[in-house]
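Trainee:
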Amino acid sequence: MTDAYERAVEAVLFAATEPLTRDAIRAHVGEGDVRGALERLAIRYRGRGIELVERCGRWHFQTAPDLAHLLRRGRDEVRKLSRAGIETLAIIAYHEPVTRAEIEAIRGVQTAKGTLDVLMEAGWIRPAGRRDVPGRPLMFSTTPEFLSHFGLNSRRDLPGIDDLRAAGLLDPVNLAFDQLAVENPREED
Numbered sequence: 014m015t016d017a018y019e020r021a022v023e024a025v026l027f028a029a030t031e032p033l034t035r036d037a038i039r040a041h042v043g044e045g046d047v048r049g050a051l052e053r054l055a056i057r058y059r060g061r062g063i064e065l066v067e068r069c070g071r072w073h074f075q076t077a078p079d080l081a082h083l084l085r086r087g088r089d090e091v092r093k094l095s096r097a098g099i100e101t102l103a104i105i106a107y108h109e110p111v112t113r114a115e116i117e118a119i120r121g122v123q124t125a126k127g128t129l130d131v132l133m134e135a136g137w138i139r140p141a142g143r144r145d146v147p148g149r150p151l152m153f154s155t156t157p158e159f160l161s162h163f164g165l166n167s168r169r170d171l172p173g174i175d176d177l178r179a180a181g182l183l184d185p186v187n188l189a190f191d192q193l194a195v196e197n198p199r200e201e202d
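Going by our numbering, the first residue of the sequence shown is number 14, and it counts up by one from there.
1) Report the option in Leu51, Leu54, Ala21 whose CA atom is closest to the CA atom of Gly43.
2) Would you please state the rounded distance, in angstroms, between the beta carbons of Gly62 and Ala40? I believe it to be under 8 Å.
3) Using the rule of at least 16 other Cβ atoms within 10 Å of the residue's Cβ for burial, across every protein chain shown, is Thr155 buried or exposed?
4) So Met152 packs on Ala141, CB below 8 Å; how close in whole Å?
5) List the DSSP bridge partners of Ser154.
6) For the segment 47–81, which segments carrying the beta strand (DSSP E) assignment without a break, of at least 3 residues, lie completely within its bounds, in sequence order?
7) Determine the extent of the alpha helix (DSSP H) in which Thr128 is found, giving its start and end residues.
8) Mapping DSSP to helix, strand and coil, what is Leu33?
9) What does a CB cutoff of less than 6 Å around Ala17 pick up in its chain, not counting 5 residues either side in sequence?
10) Which class does Val111 belong to by DSSP, given the choice of helix, strand or coil?
11) Is any heavy atom of the ligand SAH found at a distance shorter than 6 Å from the C-beta of Ile105?
12) Flag this pair as yes or no: are the beta carbons of Thr101 and Ile116 separated by less than 7 Å?
13) What did DSSP end up calling Ser95 once you bin it into helix, strand or coil?
14) Expressed to the nearest angstrom, what Euclidean distance is found between the alpha-carbon atoms of Arg59 and Gly45?
15) Would you call the CB atoms of Glu31 and Ala50 closer than 7 Å?
16) In chain order, what residues of the same chain lie with their CB nearer than 8 Å to the CB of Ile105, ignoring the 5 residues before and after it?
17) Could you pull the start and end residues of the alpha helix (DSSP H) that Val25 belongs to?
Structure below.
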């Protein structure tokens, strides 16, 4: 039967994001026989799916070495989205369905094909048919994965202009110029 102190040591180790020294464990659970609790826990977990191990004076739970192969999968590679990617995604989210030419008109620069490819590989945008104009350009829209990734129930949950301004996400220089234009309208020659 485990005592309350041993249970507390076990809980601290289970919740820890990194291996802990005995002193760090003691700082969480208070004075007591940390060494004895660790030894008893190590014995209890020996031969199970997870084991309590000590490396360089620090203790942590790890998967049993003979079961590690079960957890090996292709790791998702975390890639940072470029500024062009962020701008393109925002334009698609706020203006969908939108064509590449419309994205470029809003951004004021050409959009690299790779930018759209990265957003499609992430599962955040998808082709949404063709615009019924000469050339029939492909349109893009966001996906349910986009909404899920950003914690949105629908596109209506996207922040509005006032929300963006309050969060400081709008360019203050452009806002200042807009304010000057309202306060001092240009007179026509």
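C-beta atoms are modelled at their ideal positions from N, C-alpha and C, and glycine is treated no differently.
Quick caveat, the model's predicted, so the values are computed rather than measured.
Mentor: Answer, in terms of the structure:
1) Against the sequence shown, residue 43 aligns to sequence position 30. With respect to the C-alpha of Gly43, the residue from Leu51, Leu54, Ala21 having the closest C-alpha is Ala21.
2) On the sequence shown, position 49 is the one that residue 62 refers to. On the sequence shown, position 27 is the one that residue 40 refers to. With a beta-carbon spacing of about 29 Å, Gly62 and Ala40 fall beyond the 8 Å limit used to define contacts.
3) For the purposes of this step, residue 155 is taken as residue 142 along the sequence shown, with counting starting at 1. It counts as buried.
4) Numbered from its first residue, the sequence shown carries residue 152 at position 139. Numbered from its first residue, the sequence shown carries residue 141 at position 128. 5 Å between Cβ atoms; contact.
5) By one-based count along the sequence shown, residue 154 stands at place 141. In the DSSP assignment, the residues bridged to Ser154 are Arg139.
6) Restricted to the segment 47–81, the beta strand (DSSP E) segments that are unbroken, complete and at least 3 residues in length are 63–68, 71–76, listed in chain order.
7) Within the sequence shown, the letter at position 115 stands for residue 128. For Thr128, the enclosing alpha helix (DSSP H) covers residues 126–134.
8) To locate residue 33, count along the sequence shown from 1; it is residue 20. If DSSP states are grouped into helix, strand and coil, Leu33 belongs with the strands.
9) As a first step, residue 17 is located in the sequence shown; it is residue number 4 there, counting from the start. If the five residues before and after Ala17 are omitted, its C-beta is found closer than 6 Å to no C-beta atom of its own chain.
10) Your numbering for residue 111 matches position 98 in the sequence shown. Strand at Val111.
11) No copy of the ligand SAH occurs in the structure displayed, which carries no ligand at all.
12) The residue given as residue 101 occupies position 88 in the sequence shown. The residue given as residue 116 occupies position 103 in the sequence shown. Remark: C-beta atoms of Thr101 and Ile116 approach each other more closely than 7 Å.
13) Along the sequence shown, read from residue 1 onward, the residue named residue 95 stands at position 82. Correct three-state label for Ser95: coil.
14) Indexing the sequence shown from 1 puts residue 59 at position 46. Indexing the sequence shown from 1 puts residue 45 at position 32. Computed Cα separation, rounded: 23 Å.
15) Indexing the sequence shown from 1 puts residue 31 at position 18. Indexing the sequence shown from 1 puts residue 50 at position 37. Annotated as distal: Glu31 and Ala50, with beta-carbon spacing of 7 Å or more.
16) Numbered from 1 along the sequence shown, position 92 holds the residue referred to as residue 105. If we look at Ile105 and ignore the five residues flanking it on each side, its Cβ neighbours are Val111, Ile116, Leu132, Ile138, Phe153, Ser154, Thr155.
17) Position 12 of the sequence shown holds residue 25. Unbroken alpha helix (DSSP H) run through Val25: 17–28.
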